[in-house]
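K.L.:
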Amino acid sequence: MKQILPFLLIILIFSPAYSQLNMEVVGSDLRGPIGITLDGGSNLWIAESGTGANDGAVSVIWSDGTQQRVIDNLPSLYDTLSAETAGPTRVQVFNEQYLGVLLAGGLPEVGSSIVVFEIDSISPGGAVLSLENAANIIHLEERVLQLGFAESNGFSFVHDGSDLYIADAAANAIMHRDGLTGVIKPIASFPPSPNPLPFGPPVYEAVPTRILHNPDGGFFVSQLTGFPFLDGASKIFGVDSAGQVSVIDSGLTLVTDMAMAPSGDGLLALQFANFRGDSLPPFLIGSAQITKVGFDGSKDTIATGFGPSPGLAVAGENDFYVTNLLFGTVTHLTASTTANKDFNDLKVQPLTIAPNPVTENFSVSWQQPESGQAILRISSFEGKTLMVKDLGQAQRGDHNLELNRNSLNLSGISNQPLVIMITSGKNIFANKIILAK
Numbered sequence: 005m006k007q008i009l010p011f012l013l014i015i016l017i018f019s020p021a022y023s024q025l026n027m028e029v030v031g032s033d034l035r036g037p038i039g040i041t042l043d044g045g046s047n048l049w050i051a052e053s054g055t056g057a058n059d060g061a062v063s064v065i066w067s068d069g070t071q072q073r074v075i076d077n078l079p080s081l082y083d084t085l086s087a088e089t090a091g092p093t094r095v096q097v098f099n100e101q102y103l104g105v106l107l108a109g110g111l112p113e114v115g116s117s118i119v120v121f122e123i124d125s126i127s128p129g130g131a132v133l134s135l136e137n138a139a140n141i142i143h144l145e146e147r148v149l150q151l152g153f154a155e156s157n158g159f160s161f162v163h164d165g166s167d168l169y170i171a172d173a174a175a176n177a178i179m180h181r182d183g184l185t186g187v188i189k190p191i192a193s194f195p196p197s198p199n200p201l202p203f204g205p206p207v208y209e210a211v212p213t214r215i216l217h218n219p220d221g222g223f224f225v226s227q228l229t230g231f232p233f234l235d236g237a238s239k240i241f242g243v244d245s246a247g248q249v250s251v252i253d254s255g256l257t258l259v260t261d262m263a264m265a266p267s268g269d270g271l272l273a274l275q276f277a278n279f280r281g282d283s284l285p286p287f288l289i290g291s292a293q294i295t296k297v298g299f300d301g302s303k304d305t306i307a308t309g310f311g312p313s314p315g316l317a318v319a320g321e322n323d324f325y326v327t328n329l330l331f332g333t334v335t336h337l338t339a340s341t342t343a344n345k346d347f348n349d350l351k352v353q354p355l356t357i358a359p360n361p362v363t364e365n366f367s368v369s370w371q372q373p374e375s376g377q378a379i380l381r382i383s384s385f386e387g388k389t390l391m392v393k394d395l396g397q398a399q400r401g402d403h404n405l406e407l408n409r410n411s412l413n414l415s416g417i418s419n420q421p422l423v424i425m426i427t428s429g430k431n432i433f434a435n436k437i438i439l440a441k
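For the sequence shown, position 414 (counting from the first letter as 1) is numbered 418 according to my numbering, and the numbering increases by one without interruption.
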């Protein structure tokens, strides 16, 4: 357990809604954080997808600000074909008694499943739990595949008593699991949409992400959309008790999480990022945003200029916590209405790699504009961190760093484009590398 420095990073930015957004990093050194949940005791629970080395985890930022990894060594797999990491995606507290950890699809043995832990077995400073300490494992993927679906990837879930409703991002459906019989069946599906671009597949998948209870009955469901990750293509759907799907709102982008607005008059949708295939990284740094979608048809941007962020927890009006997949952090966002300037001045600059494709030994070179702590990060193109190394204090001027592929634990990856970055303060040096066979 460690004490998080309360002012590790504070950035002020100006949002399109003419509000000042205060950004404070309150959690760090996380392994691919995705879902985040705020419990009734003001503790933050974070699902860490891991780096692909069976190091998926759950961390808690307790109400006093201390950070602790409470569950570790959960399944986490890096798929060299898709350049994606599968592991824990969501964590949820049940009635203050149980903790449910949702695992992504494609994992050996467990597949997409919900791993249940007794919440009393987790405490500040207590022992770190593992899969062996689980009270129950609810297997989802094998039963979804038995229904004839080609893939299954549970991304979020809600419960109604012992019944579960799961947004399956790979099956493009909402699954209902009967708590008494264990029977799983789809109650709603989301068809693909035509791709208007002259490249990529003819259609793109819906990819449902967050499911929420509708207080009036049924559910709200957000969507990411598949490649080519078009701006404005995401929707929020309504699903009634009979499984009928309607569109609540459209024109959103890559929505990975969603919550009810504290005022009760709408939904808060989290945009993961904007995608630009010619950028490094392709999911643009600082392009996440929170949009309020009013039930009266209104739409307002509440916060922008952070991320890429897949997870959202709402603490109150204009008071949010978001995960950052690329930098492995949790950021506290609070908004006021007094600013008139944009302070979001992150600078992305080129990083020189030689040779590239990378064989065994290679070098990275960059020009440091001012002295500062330097961090080396290598991530997949979807933004999931594969490794992090603290390089210490870097002085202003030219730098050349000699690296060995095996020492970076990248020996098992080949012929895949990865993003390599040096971060130092608000300076980001980035490039694409290919790991040769």
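Virtual Cβ for every residue (Gly too), placed ideally from N, Cα, C. Since we're looking at a predicted model, the values are computed, not measured.
Taking the beta carbon of Thr363 as the centre, do at least 16 other beta carbons fall within 10 Å, making it buried, or is it exposed?
P.N.:
Numbered from its first residue, the sequence shown carries residue 363 at position 359. When all chains shown are included, Thr363 counts as exposed.
K.L.:
Give the straight-line distance between the Cα atoms of Ala339 and Gly376, rounded to the nearest whole angstrom.
P.N.:
For the purposes of this step, residue 339 is taken as the residue at position 335 of the sequence shown. For the purposes of this step, residue 376 is taken as the residue at position 372 of the sequence shown. Going from the Cα of Ala339 to the Cα of Gly376 covers about 29 Å.
K.L.:
Which of helix, strand or coil does DSSP assign to Glu113?
P.N.:
Against the sequence shown, residue 113 aligns to sequence position 109. For Glu113, the three-state secondary structure derived from DSSP is coil.
K.L.:
Do you know how far the Cα of Ala210 is from the Cα of Gly230?
P.N.:
Position 226 of the sequence shown, counted from the first residue, corresponds to residue 230. Position 206 of the sequence shown, counted from the first residue, corresponds to residue 210. Approximately 6 Å, taken between the alpha carbons.
K.L.:
For Gln71, report the span of its beta strand (DSSP E) as first-last.
P.N.:
Here residue 71 corresponds to residue number 67 of the sequence shown, with the count starting at 1. Start and end: Thr70 to Leu78.
K.L.:
For the pair the segment 121–141 and the segment 149–161, tell me if three or more CB-CB distances fall below 8 Å.
P.N.:
Contact fails: fewer than three Cβ-Cβ distances are below 8 Å.
K.L.:
Evaluate the contact criterion for the segment 290–308 versus the segment 262–275: three or more CB pairs, one atom per stretch, below 8 Å.
P.N.:
yes
K.L.:
Check this for me: beta carbons of Ile417 and Leu439, under 8 Å apart or not?
P.N.:
Translated into positions along the sequence shown, residue 417 becomes position 413. Translated into positions along the sequence shown, residue 439 becomes position 435. Yes, the pair counts as a contact, with Cβ atoms nearer than the cut-off.
K.L.:
Could you tell me whether the Cβ atoms of Thr183 and Asp167 are closer together than 8 Å?
P.N.:
On the sequence shown, residue 183 is found 179 positions in, with the first residue counted as 1. On the sequence shown, residue 167 is found 163 positions in, with the first residue counted as 1. Strictly speaking, residue 183 in this sequence is Gly, with Thr absent from that position. Result yes, Cβ atoms of Gly183 and Asp167 sit closer than 8 Å.
K.L.:
Entirely within the segment 202–285 and at least 3 residues each: give me those beta strand (DSSP E) ranges in chain order.
P.N.:
212–217, 223–227, 238–243, 249–256, 259–264 and 270–275
K.L.:
Any chance you could list the beta strand (DSSP E) runs of at least 3 consecutive residues sitting entirely within the segment 39–66, in chain order?
P.N.:
48–52 and 60–65
K.L.:
Which residue from Leu407, Asn413, Val392 and Arg381 puts its Cα closest to that of Ile424?
P.N.:
Sequence index remark: in the sequence shown, residue 424 carries index 420 (1-based). Residue Arg381 is the option with its Cα nearest to Ile424.
K.L.:
Grab the span of the beta strand (DSSP E) containing Arg409 for me, first residue to last.
P.N.:
Here residue 409 refers to the residue found at position 405 when the sequence shown is read from its first residue. Element bounds for Arg409: n/a, residue is neither H nor E.
K.L.:
Where does the unbroken beta strand (DSSP E) through Arg381 begin, and where does it stop?
P.N.:
Mapped onto the sequence shown, residue 381 falls at position 377. Note, Arg381: beta strand (DSSP E), Gly376 to Ser383.
K.L.:
What residue does the beta strand (DSSP E) around Glu88 start on, and which one ends it?
P.N.:
Against the sequence shown, residue 88 aligns to sequence position 84. Per DSSP, Glu88 belongs to the beta strand (DSSP E) from Glu88 to Ala90.
K.L.:
Nearest-angstrom Cα distance between Tyr82 and Ala90?
P.N.:
Here the question's residue 82 lines up with position 78 in the sequence shown. Here the question's residue 90 lines up with position 86 in the sequence shown. Distance between the alpha carbons of Tyr82 and Ala90: 6 Å.
K.L.:
Gln101 by DSSP, collapsed to three states: which one?
P.N.:
Residue mapping note: residue 101 aligns to position 97 of the sequence shown, counting from 1. Coil, per DSSP.
K.L.:
Measure the alpha-carbon distance for Glu88 versus Leu422 and round it to whole angstroms.
P.N.:
What you label residue 88 is simply residue 84 of the sequence shown in a count that begins at 1. What you label residue 422 is simply residue 418 of the sequence shown in a count that begins at 1. Roughly 11 Å between the two C-alpha positions.
K.L.:
By Cβ distance, which residues of its chain are closer than 6 Å to Gly270, with the 5 residues on each side in sequence left out?
P.N.:
Along the sequence shown, read from residue 1 onward, the residue named residue 270 stands at position 266. Excluding residues within five positions, the ones whose Cβ falls inside 6 Å are Lys296, Val297, Gly298 and Phe299.
K.L.:
Buried or exposed for Leu201, please, with buried defined as at least 16 other CB atoms from any protein chain shown within 10 angstroms of its CB.
P.N.:
Numbered from its first residue, the sequence shown carries residue 201 at position 197. Exposed.
K.L.:
Below 8 Å between beta carbons: does that hold for Arg35 and Gly309?
P.N.:
Reading the sequence shown from its first residue, position 31 is the one you call residue 35. Reading the sequence shown from its first residue, position 305 is the one you call residue 309. Not a contact, by the Cβ cut-off of 8 Å.
K.L.:
For Arg181, which three-state DSSP category applies?
P.N.:
The count along the sequence shown starts at 1 and reaches residue 181 at position 177. Of the three classes helix, strand and coil, the one that applies to Arg181 here is strand, per DSSP.
K.L.:
Here's a check: name, in chain order, each residue in its chain whose Cβ is nearer than 6 Å to the Cβ of Ser32, leaving out the five neighbours to either side.
P.N.:
The sequence position of residue 32 within the sequence shown is 28, counting from 1. Correct list, in chain order: Thr333.
K.L.:
For the segment 121–141 and the segment 172–181, state whether three or more C-beta atom pairs, one from each stretch, are separated by less than 8 Å.
P.N.:
no
K.L.:
Hey, would you say Gly104 sits closer than 8 Å to Val120, going by beta carbons?
P.N.:
Reading the sequence shown from its first residue, position 100 is the one you call residue 104. Reading the sequence shown from its first residue, position 116 is the one you call residue 120. Yes, the Cβ-Cβ distance between Gly104 and Val120 is below 8 Å.
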